[in-house]
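Visitor: Sharing a structure with you now.
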Amino acid sequence: MEGFHRKNGVLHVDNIPLPEIAKTAGTPTYVYSASIIRQQFSALRESFSKFLPADRQPLLCYACKANSNIAILKLLQGLGAGLEIVSEGELYRGAKAGFTGDKIISTSFGKEEEEIKACLSANIHQFNIESPDELAHVNRYAGESGKVAKVLFRLNPDVQGGGHSKIQTGKKTHKFGNSATRILELYKIATEMENVEPVGVSVHIGSQVSTVSAFKPAFERLAELVQTLREQGHKVTRLDIGGGFPIVYKDEDLLDLDAYARWVNDIIVPLDTEIQMEPGRYMVGNAGILLTETLYIKKTQVRNFLVLDAAMNDLMRPALYDAWHGIEPVSNADRTPVTYDVVGPVCESGDIFAANRDIPEIREGELVAIRSAGAYGFSMASNYNSRPLPAEIMVDGDNVATIRERQTMPDLIKGESIPDWLK
Ligand code: LLP
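All letters in the sequence shown, in the order written, are residues 586 to 1008 by the numbering used here.
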């Protein structure tokens, strides 16, 4: 069986029991299912092939900030994905995984000189521009390298989407994107520049867009802008309609992909452009768990603390966004539930994965799985409290591979030194 499931009461990923992984890799460890990633990619592709004409199929540029391990990138590259990057580091990772420039798009918010230059030398497909000064920089560095960079302008459609205030990007008070009026000006300015070619417009309204109907007005505003640009004599040949597809963490209303594909077909396809999308979370979120071991059960007068060996530095979504993640025992899931506060060893009260959660009783030394941790899990992990970054494992059927070693103590201080005058 593929993905995460129980066999004889024990949580498995594909054919591999999680206790086996814990024994060899230790804990905390991120465990990913390659088959779930393939399924997610196919689900997106299938919805679009059902509703969009064959010659208008979108390029699905994986937003690798969600999970940028090069093995995950390689898997998606092999499936035919493009890549959305936001830094020179992500460009570097993409190249290591075999992505070629013609499938890479840069959407970073504050593009840095070295990053722009690296993107130019990789001949990336396009730069999505956030501001007039950024446009000037891309033009300047493209000129220095004798190139003409294709640019899109990110629209701020002033709509609300996104599962938490910190991951919404589409309101006019947010730092992202440009008003339609500003884009009309930018298009004109870019047309007069020698080393950029304006080719289109992009939009991205937020992440874990739970109010999925918000996509529709954003697309409509994009379409209106395209009409106006064309009326003013500009060419618009590419549209990038962003990411933000939600996944199930608890009991969320999932995005109806078919409805989404229909909106794309009704609103975007008639504009007769190349179409791109930037899904991150949807591809990998449900494909990963954080496997952790119970260190202690600490009972106080008012609480039962389940103390795990994973902490907020390993998975910061609950601390940062109050995000809800499923938490379950790897074995013995039939025990009577107990109400726990699930915490890690970090010295902050914010180091809490769940409060007042009913979970089948768990004992010291037993394994626990934190679900839906494949996106924005490892990629946001830190060394806070000088805790080594966890290992990452990929499972594919009977295959198990360590795709990132657990950090060691020397790794923790790599690059640090004590000045001579302190020795
Ligand atoms: N495109 C752009 C321009 C983005 O800024 C993002 C995400 C994406 C695409 C991918 O969005 P997705 O399909 O994954 O929703 N750390 C937060 C999420 C931050 C998202 C940042 N931008 C979390 O853990 O919920």
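In this text, a Cβ means the ideal position worked out from N, Cα and C, and glycines have one as well. Keep in mind that this is a model prediction, so the values were computed, not measured.
Just to confirm the assignment: which complete alpha helix (DSSP H) runs, minimum length 4, are found wholly within the stretch 892 to 944?
Guide: Counting whole runs of 4 or more residues, the stretch 892 to 944 contains the alpha helix (DSSP H) stretches 902 to 906.
Visitor: Could you check how far apart the C-beta atoms of D599 and G982 are, in whole angstroms? I think they sit under 8 Å.
Guide: If you number the sequence shown from 1, residue 599 lands on position 14. If you number the sequence shown from 1, residue 982 lands on position 397. Indeed, because the Cβ distance is near 5 Å, the residues count as touching under 8 Å.
Visitor: Could you tell me if the beta carbon of H789 falls within a distance shorter than 7 Å of some heavy atom in the ligand LLP?
Guide: The residue labelled residue 789 in the question sits at position 204 within the sequence shown. Yes, the ligand LLP has a heavy atom inside 7 Å of this Cβ.
Visitor: Taking any heavy atom of the ligand LLP as the mark, which residues have a C-beta closer than 5 Å to it, listed down the chain?
Guide: Here the residues come out as A648, A651, T692, I752, H789, S792, G828, G829, E863, P864, G865, R866, R902, Y961.
Visitor: Between which two residues does the alpha helix (DSSP H) holding H597 run?
Guide: Counted from its first residue, the sequence shown places residue 597 at position 12. Counting along the chain, H597 falls outside any alpha helix (DSSP H), though it belongs to the beta strand (DSSP E) covering 595 to 598.
Visitor: What separation, rounded to the nearest whole angstrom, lies between the Cα atoms of S971 and A610?
Guide: The residue labelled residue 971 in the question sits at position 386 within the sequence shown. The residue labelled residue 610 in the question sits at position 25 within the sequence shown. Straight-line Cα distance between these residues: approximately 20 Å.
Visitor: Output yes or no for whether 8 Å exceeds the beta carbon distance between F636 and N871.
Guide: Sequence index remark: in the sequence shown, residue 636 carries index 51 (1-based). Sequence index remark: in the sequence shown, residue 871 carries index 286 (1-based). Not in contact: F636 and N871 (Cβ atoms no closer than 8 Å).
Visitor: I think A960 touches Y615, with their Cβ atoms under 8 Å apart; what is that distance to the nearest whole Å?
Guide: As a working note, residue 960 is residue 375 in the sequence shown. As a working note, residue 615 is residue 30 in the sequence shown. In fact, because the Cβ distance is near 11 Å, the residues do not count as touching under 8 Å.
Visitor: Which value, in whole angstroms, describes the spacing of the CA atoms of R806 and Q745?
Guide: The sequence position of residue 806 within the sequence shown is 221, counting from 1. The sequence position of residue 745 within the sequence shown is 160, counting from 1. Roughly 13 Å between the two C-alpha positions.
Visitor: Counting only runs that start and end within the stretch 822 to 886, where is the beta strand (DSSP E) found for 3 or more residues in a row?
Guide: Taking only runs of at least 3 residues, the beta strand (DSSP E) segments lying wholly in the stretch 822 to 886 are 823 to 825, 859 to 862, 873 to 884.
Visitor: Would you identify the three-state DSSP class for C704, choosing helix, strand or coil?
Guide: The residue labelled residue 704 in the question sits at position 119 within the sequence shown. Looking at C704 - three-state DSSP - the assignment turns out to be helix.
Visitor: Measuring CA to CA, which of A682, A707, K751, Q662 is closest to A904?
Guide: On the sequence shown, position 319 is the one that residue 904 refers to. The shortest C-alpha separation from A904 is found at K751.
Visitor: When burial is assigned at 16 or more other CB atoms within 10 Å of the CB, is C932 buried or exposed?
Guide: Counting from 1 along the sequence shown, the entry for residue 932 is found at position 347. So C932 ends up on the exposed side.
Visitor: What three-state label does DSSP hand E782 in the structure shown?
Guide: Here residue 782 refers to the residue found at position 197 when the sequence shown is read from its first residue. In this structure, E782 counts as strand in the three-state DSSP scheme.
Visitor: Work out the CA separation of A656 and T754 for me, nearest whole Å.
Guide: As a position in the sequence shown, residue 754 is number 169, starting the count at 1. As a position in the sequence shown, residue 656 is number 71, starting the count at 1. Each residue's alpha carbon lies about 29 Å from the other.
Visitor: Within the same chain, show all residues whose beta-carbon is closer than 8 Å to that of Q625, passing over the 5 residues directly before and after it, in chain order.
Guide: Counting from 1 along the sequence shown, the entry for residue 625 is found at position 40. These residues qualify, in order along the chain: Y867, M868, V869, N871, A872.
Visitor: For A896, is the beta carbon positioned less than 7 Å from some heavy atom of the ligand FMN?
Guide: Questions concerning the ligand FMN fall outside what the structure shown contains, since the ligands it does hold are the ligand LLP.
Visitor: Look up F890 in the DSSP assignment and give the residues it is bridged to.
Guide: Residue 890 sits at position 305 when you count from the first residue of the sequence shown. BP columns for F890 point to K883, D926.
Visitor: Mind checking which residues open and close the alpha helix (DSSP H) that includes V811?
Guide: Along the sequence shown, one-based indexing puts residue 811 at 226. Taken as a continuous stretch (DSSP letters only), the alpha helix (DSSP H) holding V811 covers 800 to 816.
Visitor: Looking only at C-alpha atoms, which of G911, G929, R956, T924 sits nearest to N941?
Guide: Indexing the sequence shown from 1 puts residue 941 at position 356. If we check each option's Cα against that of N941, T924 comes out closest.
Visitor: Could you work out which residue in W1006, N984, P975, P1004 is closest to M994 when comparing CA atoms only?
Guide: Position 409 of the sequence shown holds residue 994. When only C-alpha atoms are compared, the closest one is P975.
Visitor: Select from I998, D936, G674, D919 the residue whose C-alpha is nearest the C-alpha of S964.
Guide: Along the sequence shown, one-based indexing puts residue 964 at 379. Here the closest residue by C-alpha is G674.
Visitor: Helix, strand or coil: which one does DSSP assign to T758?
Guide: Taking the sequence shown and counting its residues from 1, one reaches residue 758 at position 173. Reduced to three states, the DSSP call for T758 is coil.
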